[in-house]
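Novice: Quick note on this note's numbering: the sequence shown kicks off at 1 and runs consecutively. Structure incoming, see below.
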Amino acid sequence: MGCAVMLVGMMALQGMAQAGFDEYGYNTRARVFVGTGESWAMGKLGLTHEQAEAYMGDYAHDRLVMKWNAEWDRGNAEGWSNPPYAAWCTNQWNGMSGLEWQGGVTEGSGETWHYKNIWIGPQGLPDGTQLPDGGYIIWGQFEVVMSHGTFDGEHMWDALAKPAGLVRPSISK
């Protein structure tokens, strides 16, 4: 009986480990990433530590929290080819202090940024195009509905759409 309980306990622990965060900071079951710019590049792009640090530059050690919904996963899985999508993601960068890969505190970029992005469908407009509601186009078919942060100690807004919510009522599911 003791061996059976131990085996069941070990299987439960394995399941919990698989459902938690990976070494880079992704928890795909919870749809959240908590890591650094560097660990994002390692996990998402498959870069080595050195490559990721070079790729991210000044932002490599900034702390990063990303969240997304099931529609974002569906869109990625389908290549965004089966609309509509009520997809959203948020990104929060914090470079006020940084983290080194595998521990240790270091300097960050000194910047902080918070973004809210939603799917709006292909617009045929270049990235950065301002939209009438106050947002702007990114990645061809997404809108940044909120973007603000600090740079050089000064707070600024890049975008604040109206409404700035994560789902447009016309495509919500």
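Note that CB positions come from ideal geometry on N, CA and C, so glycine has one too.
In terms of residue numbering, what span does the alpha helix (DSSP H) encompassing E107 cover?
Specialist: Looking at the DSSP string, E107 is not in any alpha helix (DSSP H), and its letter there is neither H nor E.
Novice: Do you know offhand how far W72's Cα is from A86's?
Specialist: 8 Å
Novice: For Y24, which of E78, D62, W101 has the nearest alpha-carbon?
Specialist: W101
Novice: Pick helix, strand or coil for V94, following the three-state DSSP scheme.
Specialist: One detail in the question is off: residue 94 reads as Asn in this sequence, not Val. Three-state result, N94: strand.
Novice: Within 10 angstroms of the Cβ of V145, are there 16 or more other Cβ atoms? Answer buried if so, exposed if not.
Specialist: buried
Novice: Please classify S97: is it buried, with 16 or more other beta-carbons within 10 angstroms of its beta-carbon, or exposed?
Specialist: exposed
Novice: For F151, does the count of other Cβ atoms within 10 angstroms reach 16, so buried, or fall short, so exposed?
Specialist: exposed
Novice: Compute the Euclidean distance between the alpha carbons of E78 and G103, then round it to the nearest angstrom.
Specialist: 36 Å
Novice: Can you tell me the Cα-Cα spacing of A60 and A54, whole angstroms?
Specialist: 8 Å
Novice: Using 10 angstroms around the beta-carbon of N76, count the other beta-carbons present and answer buried if the total reaches 16, otherwise exposed.
Specialist: exposed
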